[in-house]
Amino acid sequence: MRHFSYFLRHALLAAGALFMATPFIVMLSTALKSQANIFSGSFSIIPEQWAASGNFGEVFTSLPIIQFMLNGALVTATIFCIQVLVAVPCAYALAKFDFKGRNILFNCVLWSLLIPPQAVAIPVFLELHSLGLLNSYSALILPWTISVLGIFLMRQFFMAIPDDIMDAARMDGMGEISILIRIMLPMAVPALTAFGILSFIAHWNDFFWPLICLQDVQYFTPPLGIAYFKTDDAGIKYGPLMAAACVITIPLLVVFLAARDKFIQGVSVQAGVK
Amino acid sequence: MASITMNTIRKSYGPVDVLKNISLEIKDGEFISLLGSSGCGKSTLLRIISGLEQQTSGTLHIGGKDMTNVPPKQRSVSMVFQSYALYPHLTVFENMAVPLIMRTMSRTQRFPVLGKYIGSARSIRKEIRAKVLALAESLDIHHLLDRNPSQLSGGQRQRVALGRAMVRDPEVFLMDEPLSNLDTKMRAHMRTELAEIHQKLGSTFVYVTHDQEEAMTMSDRVALMMNGQLMQVATPREIYRKPVHKSVAEFIGAPKINILSGAIVERGVMEVCGVRTAVPGELQANASLGIRPSRLQPAPESSGTWQAQVITVEDMGSSFLLHCELSDGTRTISRIDSRSVVPERGANIHLAPQADCAMFFDANGWNHACHPHLDSDTLHAFSTTPPADSNADHAQGTKEYALASAV
Amino acid sequence: MHLRPLYNRLLPYLLSAPALVLMFLFLIGPIMAVLFLSFTDWQLGETAFRITGLENYLTLFSDELFLRSMRNTAFYIVMTVPTTLIFGLVGAMLILQSGAMRKLYQTIYFLPFMGTAVAMLIVWEFVLHPTIGVWGMIAQWFNLDPVNLLRNEHTALPILALISIWQNVGFAIVLFMAGLSGIPEEMYEAGALDGADGVFSKFSLITWPLISHVTFFVFILLTVHSFQIFESVAVLTKGGPNDATEVLTYTMYKEGFDYFRTNIASAITVVFLTGVGALVLIKAAWLEKKVHYQ
Numbered sequence: 001m002r003h004f005s006y007f008l009r010h011a012l013l014a015a016g017a018l019f020m021a022t023p024f025i026v027m028l029s030t031a032l033k034s035q036a037n038i039f040s041g042s043f044s045i046i047p048e049q050w051a052a053s054g055n056f057g058e059v060f061t062s063l064p065i066i067q068f069m070l071n072g073a074l075v076t077a078t079i080f081c082i083q084v085l086v087a088v089p090c091a092y093a094l095a096k097f098d099f100k101g102r103n104i105l106f107n108c109v110l111w112s113l114l115i116p117p118q119a120v121a122i123p124v125f126l127e128l129h130s131l132g133l134l135n136s137y138s139a140l141i142l143p144w145t146i147s148v149l150g151i152f153l154m155r156q157f158f159m160a161i162p163d164d165i166m167d168a169a170r171m172d173g174m175g176e177i178s179i180l181i182r183i184m185l186p187m188a189v190p191a192l193t194a195f196g197i198l199s200f201i202a203h204w205n206d207f208f209w210p211l212i213c214l215q216d217v218q219y220f221t222p223p224l225g226i227a228y229f230k231t232d233d234a235g236i237k238y239g240p241l242m243a244a245a246c247v248i249t250i251p252l253l254v255v256f257l258a259a260r261d262k263f264i265q266g267v268s269v270q271a272g273v274k
Numbered sequence: 001m002a003s004i005t006m007n008t009i010r011k012s013y014g015p016v017d018v019l020k021n022i023s024l025e026i027k028d029g030e031f032i033s034l035l036g037s038s039g040c041g042k043s044t045l046l047r048i049i050s051g052l053e054q055q056t057s058g059t060l061h062i063g064g065k066d067m068t069n070v071p072p073k074q075r076s077v078s079m080v081f082q083s084y085a086l087y088p089h090l091t092v093f094e095n096m097a098v099p100l101i102m103r104t105m106s107r108t109q110r111f112p113v114l115g116k117y118i119g120s121a122r123s124i125r126k127e128i129r130a131k132v133l134a135l136a137e138s139l140d141i142h143h144l145l146d147r148n149p150s151q152l153s154g155g156q157r158q159r160v161a162l163g164r165a166m167v168r169d170p171e172v173f174l175m176d177e178p179l180s181n182l183d184t185k186m187r188a189h190m191r192t193e194l195a196e197i198h199q200k201l202g203s204t205f206v207y208v209t210h211d212q213e214e215a216m217t218m219s220d221r222v223a224l225m226m227n228g229q230l231m232q233v234a235t236p237r238e239i240y241r242k243p244v245h246k247s248v249a250e251f252i253g254a255p256k257i258n259i260l261s262g263a264i265v266e267r268g269v270m271e272v273c274g275v276r277t278a279v280p281g282e283l284q285a286n287a288s289l290g291i292r293p294s295r296l297q298p299a300p301e302s303s304g305t306w307q308a309q310v311i312t313v314e315d316m317g318s319s320f321l322l323h324c325e326l327s328d329g330t331r332t333i334s335r336i337d338s339r340s341v342v343p344e345r346g347a348n349i350h351l352a353p354q355a356d357c358a359m360f361f362d363a364n365g366w367n368h369a370c371h372p373h374l375d376s377d378t379l380h381a382f383s384t385t386p387p388a389d390s391n392a393d394h395a396q397g398t399k400e401y402a403l404a405s406a407v
Numbered sequence: 001m002h003l004r005p006l007y008n009r010l011l012p013y014l015l016s017a018p019a020l021v022l023m024f025l026f027l028i029g030p031i032m033a034v035l036f037l038s039f040t041d042w043q044l045g046e047t048a049f050r051i052t053g054l055e056n057y058l059t060l061f062s063d064e065l066f067l068r069s070m071r072n073t074a075f076y077i078v079m080t081v082p083t084t085l086i087f088g089l090v091g092a093m094l095i096l097q098s099g100a101m102r103k104l105y106q107t108i109y110f111l112p113f114m115g116t117a118v119a120m121l122i123v124w125e126f127v128l129h130p131t132i133g134v135w136g137m138i139a140q141w142f143n144l145d146p147v148n149l150l151r152n153e154h155t156a157l158p159i160l161a162l163i164s165i166w167q168n169v170g171f172a173i174v175l176f177m178a179g180l181s182g183i184p185e186e187m188y189e190a191g192a193l194d195g196a197d198g199v200f201s202k203f204s205l206i207t208w209p210l211i212s213h214v215t216f217f218v219f220i221l222l223t224v225h226s227f228q229i230f231e232s233v234a235v236l237t238k239g240g241p242n243d244a245t246e247v248l249t250y251t252m253y254k255e256g257f258d259y260f261r262t263n264i265a266s267a268i269t270v271v272f273l274t275g276v277g278a279l280v281l282i283k284a285a286w287l288e289k290k291v292h293y294q
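Chains as they are written, first to last, in the working numbering: chain A, 1 to 274; chain B, 1 to 407; chain C, 1 to 294.
In structure tokens form, the structure reads like this:
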């Protein structure tokens, strides 16, 4: 009985894992196959005719994929830096200062948490249009410089830091800004990491907003880039298309595998589950 | 070194008065405890001395200088927190160095990486290092300097917190329940150690605690606070023997003092549970008698003893605690020596108070033995006076009104 | 001496000013603008506009395509959320008991959440290819008719739901695992002494009640997420075939940025916002309550 339930458990988990991994396996295997092999009629995992260099070569020559990746990195990194600069001081004020209007401000944050990104697309598009900023890095970055989720998470974290630590710092001779930079920020590294991971996942994957605000291929981020590659000319050239998918997916997966626990913890933070 | 003078300090949060008119003089080099239950305002008073909070009115002088509007940084005081408040992201060494870095180095010298190359930063850092090392050596934490606070035991954290407070040689040490997070054994150990440190440094110590044992064993004087007021400021010996008020008598001493209510049957005579006692003539109705458990002992029956039934007997090792019920239902506790004969549970015995150790409290709870005509103003004046210059004459106080046998 | 208190009083305002300004520029202001635009006849490029009251909404609710879009979105949510929730919970419980393989399973199940979404959608399109994909192979094995699932009116939306479940089940597993491992072992021991020692009695007496808050959270997060379905429609089906995968965000996108009917798109946004907002409101209230009680 015991053996049976053990076996059943692992059989179920393995079957699920196979389902989860299938697209990744297909992606890798197809990226290594020649066009003829792909269209040979039946699907096989191990390529019969290898064409790895051809497929990947085509990705790098016919598509500015390096540019897409750099765009993605630049945009997500800039967004996160500005989000931290904006959200952390505000969260600190909300958590540790008693001032007139604090509740109003906090309610603004709570209400803003309700707003899904798609809902503000039209007016933000109009704002950027009137400023002449559409179709630029600014258009990709500016609307996301404010992260109310970030403010909320950091506020929660700061509230959990005992006031004694701040008082000790005051006794030791620090000013309020010093306390923020020298004490609160270093203590908040785990929370910042979680915030960073959430921010990165959201903006690296974002497709909706870049699709709206960009026209020139030179600003494309990876999701937009690969969608463009698909519709563009490689429609049925599945080998290079899968190779492109590999190129933009695998670096991320490697980072995830290297810092697995941090990622998982970061994602859990979102739900208020510790 | 510095004395601390507080004059009519009040603190209120909105309509709530946390501190009402506190006046207290702490002498240079004195170890004083602010004792009281939680919410009595003792921590607020400590925070006002530290500068972390501003008094609503009244003045505070440290070392003769007015401290109103002086930020904590510029007062020569340091503080040990209940939670220790060590910086979790810094090593023990860095924790201890912070107060020195913040005080001796300029903003540019403190600047990360680049700061190292500005002016005399290097030599200052060297001095700081030497100072921290020497102090760590004397506190026996030098082997922990590279660790993080999370890797330390409670006692070790306590020492680091002490070190951080000591490193800049403040004139005044403020301690907010520093031992309450330690286990019993460690607490007793740190108590002696704190007393030794105080003797060695000779600086002024203000120690906040709710634990009377800590207050009584370590301090030169105990300041007992209740409801934002100072009830009594006196040496441990005096506050135990001559509490000015019933509430003070009840707060100090474990097990708690026995309070027996009595009736004044005629001027100067009080009847407590069937036993008549001579009392000061001024005592009016609703007076009460206080007797410490160690002074209420089983005795052969006589006209001056109470009949009692033993409810439970607690064996404390060195002594026994006898819980009894008097004939009128009053519960009493006696502490009896373990070598004496211990009555069984349910036994009917007689209890005799030790005559010269009884205290009498008037209807408002004031102790008549100490201050026959006390009202709150004179009490206030008393409690702010340091011990040396007064109350030698109170020494015989209690004896005059000795408990007598039935008239 | 007098500057210091003033500085301390101003400091919180200085600290929160940038956030406040940006919040008004990119969140609160735009939301008010959307609300306003939805009551006008303004379209992108025009200089004048007229307040038309509820006209846009009346147009919408008599528009067959919009109603289809609402129905599709609701159907999509109903297909994805409970399934993801159940698979997430069962998966989390199985993985927690899988001993040494625990980390490996968790990693594999979480991979889809980490793959760049659009790239993985394109991979799925190939996987589902009726002749050369995995689906083609499976259809061959079982002698099924290898229809193009994404081009079939009846299967397109369920297939998008399946992809969504594939993407999010790992996320649900991670949250459930965090919740489950927070249940103290003594609870199960106490339960066993009280007679709850079977799998189902343990689950109903201890596990389910003690993770109800996690379940609630995952439910809200998944529902909000499903509400926002856009990528898979935009990349794989473009609303087709025959409007079978037309969903709210995609309709809004087409109205706003293809046809430039800003007023109609705004009205759709308001409808969309009401749905999502209500859900997140419940969640935010809950979060704040939890923070207060801690």
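Glycine included, C-beta positions come from ideal geometry on N, C-alpha and C. Nothing here was measured: the structure is a model prediction, and the numbers come from that model.
Check: Best match in B:189, B:275, B:351 for proximity to residue 310 of chain B [C-alpha to C-alpha]; Outcome: B:351
Check: Cβ-Cβ distance between residue 249 of chain B and residue 290 of chain B below 7 Å; Outcome: yes
Check: Buried/exposed call for residue 32 of chain C, threshold 16 Cβ in 10 Å; Outcome: exposed
Check: Interface flag, residue 93 of chain A vs chain E, CB-CB below 7 Å; Outcome: The displayed structure is made up of protein chains A, B and C, and chain E is not among them.
Check: Own chain residues within Cβ distance below 7 Å of residue 294 of chain B, not counting five before or after; Outcome: 335
Check: Buried or exposed (CB count within 10 angstroms, at least 16 for buried), residue 295 of chain C; Outcome: Missing from the structure shown is residue 295 of chain C; chain C here goes from 1 to 294 and no further.
Check: Beta bridge counterpart(s) of residue 324 of chain B as assigned by DSSP; Outcome: B:310, B:332
Check: Three-way DSSP call (helix, strand, coil) for residue 69 of chain B in this model; Outcome: coil
Check: Boundaries of the alpha helix (DSSP H) in which residue 137 of chain B is found, first to last residue; Outcome: 121 to 139
Check: C-beta atoms of residue 237 of chain C and residue 104 of chain C nearer than 7 Å; Outcome: no
Check: Closest residue to residue 361 of chain B among B:42, B:232, B:235, B:259 (Cα-Cα distance); Outcome: B:259
Check: Cutoff 7 Å: residue 106 of chain A Cβ touching any chain C Cβ; Outcome: no
Check: DSSP three-state assignment for residue 196 of chain C, whether helix, strand or coil; Outcome: coil
Check: CB of residue 208 of chain B within 7 Å of CB of residue 42 of chain B, strictly; Outcome: yes
Check: CB contact check: residue 79 of chain B to chain A, cutoff 7 Å; Outcome: yes
Check: Residues near residue 326 of chain B in its chain [Cβ-Cβ closer than 6 Å; skip 5 each side]; Outcome: 273, 306, 308
Check: Other residues of its chain near residue 132 of chain B: CB distance less than 7 Å, five sequence neighbours each side excluded; Outcome: 93, 96, 97, 167
Check: Alpha-carbon to alpha-carbon, residue 148 of chain A and residue 95 of chain A; Outcome: 14 Å
Check: First and last residue of the uninterrupted beta strand (DSSP E) at residue 212 of chain C; Outcome: Element bounds for residue 212 of chain C: not the beta strand (DSSP E) but the alpha helix (DSSP H), 212 to 227.
Check: Neighbour list for residue 162 of chain A in chain B, Cβ cutoff strictly below 8 Å; Outcome: 83, 85
Check: Best match in C:226, C:243, C:256, C:233 for proximity to residue 78 of chain C [C-alpha to C-alpha]; Outcome: C:226
Check: Residue 144 of chain C burial status per 10 Å Cβ neighbour count (16 or more: buried); Outcome: exposed
Check: Chain B within 7 Å of residue 234 of chain A, Cβ atoms only; Outcome: Unreliable placement is indicated for residue 234 of chain A, whose pLDDT of 47 sits below 50; the coordinate value is still reported in the next sentence. Not closer than 7 Å to any Cβ of chain B, the Cβ of residue 234 of chain A fails to qualify, so no.
Check: Beta-carbon spacing of residue 349 of chain B, residue 219 of chain B below 7 Å; Outcome: no
Check: Within-7 Å CB hit, residue 210 of chain C to chain A; Outcome: no
Check: Length of the line joining the Cα atoms of residue 26 of chain B and residue 186 of chain A; Outcome: 39 Å
Check: Pick from B:338, B:275, B:368 that is closest to residue 301 of chain B, judged by C-alpha positions; Outcome: B:275
Check: Within chain A, the residues that residue 102 of chain B reaches when beta carbons sit closer than 7 Å; Outcome: 172, 173, 174
Check: Listed by chain order, chain C residues near residue 205 of chain A by CB distance under 7 Å; Outcome: 116, 117
Check: Helix, strand or coil at residue 353 of chain B according to DSSP, with G and I counted as helix; Outcome: strand
Check: Cβ shell of residue 9 of chain C (< 8 Å), same chain only, five flanking positions each side left out; Outcome: none
Check: Cβ-heavy atom distance, residue 51 of chain A to the ligand ADP, below 6 Å; Outcome: Only the bare structure without any ligand can be found here, which leaves the ligand ADP out of the picture.
Check: Supposed close pair residue 150 of chain A, residue 49 of chain A - CB separation, criterion 8 Å; Outcome: Contact flag wrong, Cβ pair sits at about 49 Å.
Check: Separation of residue 174 of chain A from residue 7 of chain C, as counted between CA atoms; Outcome: 15 Å
Check: C-beta neighbour in chain A for residue 379 of chain B, strict 7 Å; Outcome: Here the model assigns residue 379 of chain B a pLDDT of 39, short of 50, so the residue's position is not dependable, and the following value carries that caveat. It does not: the Cβ of residue 379 of chain B has no partner Cβ on chain A nearer than 7 Å.
Check: Below-7 Å beta-carbon distance, residue 93 of chain C vs any chain A residue; Outcome: no
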